[in-house]
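In what follows, a single structure is set out as structure tokens and then discussed.
Numbering (this note's numbering), first residue to last: 73 to 460.
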């Protein structure tokens, strides 16, 4: 979250809310027993006030058993509207420190969001916070609108948005989402974290159980990279372990005692779930390059070349070293194999033009959606939407 015109967001918080269960339980008990309205109201007010969001919520839940964590968003969709309203309340008043009645708001949504969800969002923003104007933008369009690769902003391309809870492959033609061709897969950043946690646990690393998920997340962000060939990478690690193995050092939260563990195969096996998902789960086994290819092939035929030419990465889980190179190589293999098969069928009677495949990577791709929104909200045309 932040203000329009800025290059980077002012605050980056995990979407989590910690609510004091003692006040919530007190409210329920009061309503059940039929006690006086004043006590019930006071408990309800305290329950509304005594909550935390983001990193502060996570730390509160660790230090006190009275705080219960709630994740308002699951797989890119709002799952708990009460918690979502509380999250927005803290964002506006405690972090951005602004009066919502004096500011226009731009929110983003995933491409598969239901219209009812948009209505709920508008209802909360207009009726609870009294905002003068609200614009809800589709995330992939903003990622393209950022226009960070060339001086001319390309509004036709495929956005591969890999977030923490969901991965979407969205084709956009001239600024319009091709809704019928959107693909969504159940492998995202959170799955990479859990896979790393699982690998470390199976190897018997001495990481405190309550810290294992957080350590796995930090390992993912600090040490993971994308390899070109998984078998060759195993051989490299086995031949020169000292060159590739990293040391993680931490302190046990309960006792304060130091601990350390080795970070080995998980450095490249974590990101590998996007290219060989069967190593993590048998529920979904289609690699990301194949999903992108199917997405483009289901789009209108006259847009396909332009879509292959501009595959834009967005989201924190696309930031692994060499992720874009591996994705471009594997996608190009699929496209070239189809081209050769087609060329063999027509036997040289018609000379077909090879399809150019280009996966776009850039320094700001982690916050591509936010930056696109910042650019859009800082233009004069943004305010014309509300006046017109």
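Ideal placement from N, C-alpha and C gives every residue a C-beta, glycine not left out.
Among 155, 418, 417, the one whose alpha carbon lies nearest that of residue 142
155
Distance, Cα to Cα, residue 450 vs residue 310?
52 Å
Quick check: the stretch 167 to 177 against the stretch 128 to 139, are at least 3 beta-carbon pairs closer than 8 Å?
These segments do not touch.
Cutting at 7 Å between CB atoms, please list the residues of its own chain near residue 249, excluding the five before and the five after it.
183, 210, 212, 213, 242
Extract the residue ranges of the beta strand (DSSP E) inside the stretch 146 to 190, only unbroken runs of 3 or more that lie entirely within it.
177 to 181
To which residues does DSSP link residue 332 through a beta bridge?
321
Beta carbon of residue 292, beta carbon of residue 336: below 9 Å?
no
Neighbour-count burial assignment, residue 105, 16 or more Cβ in a 10 Å radius
Residue confidence for residue 105 is low, a pLDDT of 47 falling below 50, so the modelled location carries little weight; the figure read from the coordinates is stated next. Exposed, since its Cβ has fewer than 16 Cβ neighbours within 10 Å.
Which class does residue 140 belong to by DSSP, given the choice of helix, strand or coil?
Annotated three-state conformation of residue 140 is strand, per DSSP.
Report back the beta-carbon spacing between residue 356 and residue 259 to the nearest angstrom; my notes put them in contact at under 8 Å.
6 Å
Assuming residue 76 is part of the alpha helix (DSSP H), what are its boundary residues?
Taken as a continuous stretch (DSSP letters only), residue 76 belongs to no alpha helix (DSSP H), as it is neither H nor E.
Name, in chain order, the residues that DSSP records as bridge partners for residue 233.
240, 386
Would you mind giving the Cβ-Cβ distance between residue 361 and residue 413, rounded to the nearest angstrom? I have them listed as a contact below 8 Å.
Incorrect: roughly 17 Å between the Cβ atoms, too far for contact.
Secondary structure of residue 457, DSSP reduced to three states:
Assignment of residue 457 by DSSP, reduced to helix, strand and coil, places it in the helix class.
Taking one C-beta from the stretch 374 to 388 and one from the stretch 426 to 440 each time, how about it: are there three or more such pairs within less than 8 Å?
They touch, by the three-pair rule.
What are the partner residues of residue 255, as DSSP defines its beta bridges?
241
Neighbourhood of residue 285 by C-beta, 8 Å cutoff - its chain only, sequence neighbours within 5 removed
265, 266, 269
Measuring straight from C-alpha to C-alpha, what distance separates residue 402 and residue 254?
20 Å
Hey, could you find the ends of the alpha helix (DSSP H) residue 217 is sitting in?
211 to 217
Name the residue from 204, 317, 252, 247 whose alpha carbon lies nearest to the alpha carbon of residue 272.
Residue 272 has its Cα closest to that of 317, out of 204, 317, 252, 247.
Residue 188 classed as buried or exposed, judged by whether at least 16 other C-beta atoms fall within 10 angstroms:
It is exposed - the Cβ of residue 188 has fewer than 16 other Cβ atoms within 10 Å.
Please report the residue range of the alpha helix (DSSP H) in which residue 407 lies.
395 to 418
Alpha-carbon spacing of residue 83 relative to residue 130, whole angstroms
16 Å
According to DSSP, is residue 264 helix, strand or coil?
It is helical.
From 329, 370, 237, residue whose alpha carbon lies closest to that of residue 151:
Comparing Cα-Cα distances from residue 151 to each of 329, 370, 237, the minimum goes to 237.
Using 10 angstroms around the beta-carbon of residue 275, count the other beta-carbons present and answer buried if the total reaches 16, otherwise exposed.
exposed
Would you grab the beta carbon distance between residue 153 and residue 192 for me? Rounded to a whole angstrom, and I think it's under 8 Å.
Rounded to the nearest angstrom, the Cβ distance from residue 153 to residue 192 is 6 Å, consistent with a contact under 8 Å.
Measuring straight from C-alpha to C-alpha, what distance separates residue 393 and residue 244?
26 Å
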